[in-house]
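J.: This is the structure I have questions about; it appears just below.
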Amino acid sequence: RALKSGRSMTLGVVLAGSGLFELPRVLLGMEQAASEAGYGVALARWQGRESEPLEHAIGRVTDRGADGVIVIADRPVAVDVLEEIRVRSPLTVVMSGDVANPSVGSVEIDQRLGARLVTQHLIDLGHTEILHISGRLDTFDARARVAGWTQSMHDAGLEAGEVIEGDFTPERGHQIGEELAHRGRHPTAVFAANDIVALGVMASFAESGLRVPQDVSVVGFDDMPGAAYFVPALTTVRQDHLALGRRAVDVLLGMITGEEPRHHLIEPTLVVRHSTGPVGHDARRPPAEARRVASPPSTQGID
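Structural data, given as structure tokens:
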């Protein structure tokens, strides 16, 4: 087949500093879609400008004969480079934010929409003071979620208020949870950067006597394996990372056969479980006055 088409039947994938939690599923989706089309996948990693130019990392896979390249980029620095360089092979970017280069295709999950779904869900439950623990603000995902949360708050006529920058770890979530629990007045809802951060926050609240969701509602992001078994089961946003990988390959294969670059947004979905509820009359009680009540175990499995 390669001899007939004059192609190598190989796709290059460059990991441009991605810290994506579900990266294995993205790569699995790419490998599945590539295999179905008769292609193999060659991987390369870019550690940043201080190690080598991004063009060199892309060159490492194109020099091996890749017919096209997918760059997984979660930080603006990588996309800034892509807007400046010219690549010999068709190029698609995953998790890219806005790419101004018209010759580059892009595929991403709509992080802004995901944040809007979370925020509107909490507003519909009567929450007006919703604190957002963001991810690292040098990443596209974190910036987009802050923008979505802010927009939904403003659309509802509410003050967006406080954003606390986190780092996507349970330790940071626990630390922030402790700080919130020991305030004289805490928000009635917390929108965490991801499920792991939400786990840390909820553990800290439990230690301080704050009940979830009776005193504080908590929402995560990702719908990681096991999120349905948090106590209480975690309300979160499901992202289809397998589809993200498959769609990136579809866009790239189209470019290889002469199609114009396409730009796709994949919509996430809100998964409502037991960690969110209506604002209660006692939702503002300081921790010292809160009764220590064990949340009942969830009977809901992973969707």
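If you're matching positions, the sequence shown starts at 1250 in the numbering used here and goes up one per residue. Think of the CB as a built atom: it goes at the ideal place given N, C-alpha and C, for glycine as much as any other residue.
Tell me which residues share the same chain as H1423 and place their Cβ nearer than 8 angstroms to its Cβ, disregarding the 5 neighbours each side in the sequence.
T.: Result list for H1423: G1449, V1450, A1452 and S1453, in chain order.
J.: Using the three-state DSSP reduction, which class does A1455 fall into: helix, strand or coil?
T.: Three-state result, A1455: helix.
J.: Tell me the start and end of each unbroken alpha helix (DSSP H) in the stretch 1471-1535 that is at least 4 residues and wholly inside, in chain order.
T.: As far as the stretch 1471-1535 is concerned, its whole alpha helix (DSSP H) runs of at least 4 residues are 1490-1505.
J.: Can you give the Cα-Cα distance for R1432 and S1457, rounded to whole angstroms?
T.: Computed Cα separation, rounded: 11 angstroms.
J.: Please report the Cβ distance between G1397 and A1364, rounded to the nearest whole angstrom; I am assuming they are in contact, meaning their Cβ atoms lie under 8 angstroms.
T.: Right, their Cβ atoms sit about 3 angstroms apart.
J.: Can you tell me whether D1323 is buried or exposed? The criterion is at least 16 other CB atoms within 10 Å of its CB, across all chains shown.
T.: D1323 should be labelled buried.
J.: What span of residues does the beta strand (DSSP E) with H1381 cover, start to end?
T.: Residues I1379 to S1383.
J.: Classify Y1288 as buried or exposed, calling it buried when 16 or more other Cβ atoms lie within 10 Å of its own Cβ.
T.: By the 10 Å Cβ count, Y1288 comes out buried.
J.: Using alpha carbons as the reference points, say which of M1279, V1318 and R1309 lies closest to M1504.
T.: Out of M1279, V1318 and R1309, V1318 has the C-alpha closest to the C-alpha of M1504.
J.: Indicate whether V1320 and A1265 have their beta-carbon atoms separated by less than 7 angstroms.
T.: Their beta carbons are under 7 angstroms apart, which means V1320 touches A1265 by this criterion.
J.: How about T1418 and A1409: do their beta carbons lie closer than 7 angstroms?
T.: Cβ distance not < 7 angstroms, so T1418 and A1409 don't count as in contact.
J.: Which ranges does the beta strand (DSSP E) cover as unbroken runs of at least 3 residues, wholly within the stretch 1280-1314, from first to last along the chain?
T.: As far as the stretch 1280-1314 is concerned, its whole beta strand (DSSP E) runs of at least 3 residues are 1289-1295.
J.: At a cut-off of 6 angstroms, is L1459 close to the ligand ADP when judged by its beta-carbon and the heavy atoms of the ligand?
T.: Summarising the ligand content, the structure contains no ligands, and the ligand ADP is consequently not present.
J.: Please give the ranges of any beta strand (DSSP E) in the stretch 1348-1403, keeping only runs that are unbroken, at least 3 residues long and fully inside the region.
T.: Whole beta strand (DSSP E) segments, 3+ residues: 1353-1358 and 1379-1383.
J.: Does the separation of the CB atoms of R1313 and A1282 fall below 7 angstroms?
T.: Contact: no.
J.: Given this structure, state the Cα-to-Cα distance separating S1257 from V1498, to the nearest angstrom.
T.: Their backbone Cα atoms lie some 15 angstroms apart in a straight line.
J.: Going by C-alpha distance, which of A1430, D1472 and L1429 is nearest N1443?
T.: Residue D1472 is the option with its Cα nearest to N1443.
J.: Who are the near neighbours of L1366 in its chain, counting only those whose CB is closer than 6 angstroms to its CB and skipping five residues on each side?
T.: Correct list, in chain order: L1519.
J.: Pull up the distance between the alpha-carbon of R1392 and that of D1316, whole angstroms please.
T.: Taking the straight line from one Cα to the other gives about 33 angstroms.
J.: Applying the criterion that 16 or more other CB atoms from any shown protein chain within 10 Å of the CB defines a buried residue, is H1530 buried or exposed?
T.: Caution applies to H1530, whose pLDDT of 46 falls short of 50 and renders its modelled position unreliable; the value that the coordinates give is listed next. When all chains shown are included, H1530 counts as exposed.
J.: Between G1469, E1516 and L1501, which has its C-alpha nearest L1483's C-alpha?
T.: Of G1469, E1516 and L1501, the residue nearest in Cα terms is G1469.
J.: Tell me the residue span of the alpha helix (DSSP H) that contains A1430.
T.: P1419 to A1430 is the span of the alpha helix (DSSP H), which, as asked, contains A1430.
J.: Could you give the C-beta distance for V1555 and H1490, rounded to a whole number, given that I count them as a contact under 8 angstroms?
T.: Because the chain in this structure spans residues 1250 to 1552, residue 1555 falls outside the shown range and cannot be described.
J.: The beta strand (DSSP E) that contains A1265, what's its start and end?
T.: T1259 to A1265 is the extent of the beta strand (DSSP E) around A1265.
J.: Report, in whole angstroms, the separation of the C-beta atoms of P1510 and P1351, which I expect to be a contact under 8 angstroms.
T.: At roughly 7 angstroms, the Cβ-Cβ gap stays under 8 angstroms, so P1510 and P1351 are in contact.
J.: Counting C-beta neighbours from all protein chains within 10 Å, is the total for R1434 16 or more, i.e. buried, or is it exposed?
T.: Classification for R1434: exposed.
J.: Give me the Cα-Cα distance between L1371 and A1430, rounded to the nearest whole angstrom.
T.: About 19 angstroms.
J.: Could you tell me whether the Cβ atoms of L1493 and V1275 are closer together than 7 angstroms?
T.: Cβ atoms of L1493 and V1275: closer than 7 angstroms.
J.: For the beta strand (DSSP E) containing T1341, name the first residue and the last one.
T.: It spans L1340 to V1343 - the beta strand (DSSP E) in which T1341 sits, taken as one unbroken run.
J.: From the DSSP output, in three-state form, read off V1461 for me.
T.: DSSP places V1461 in coil when its eight states are reduced to three.
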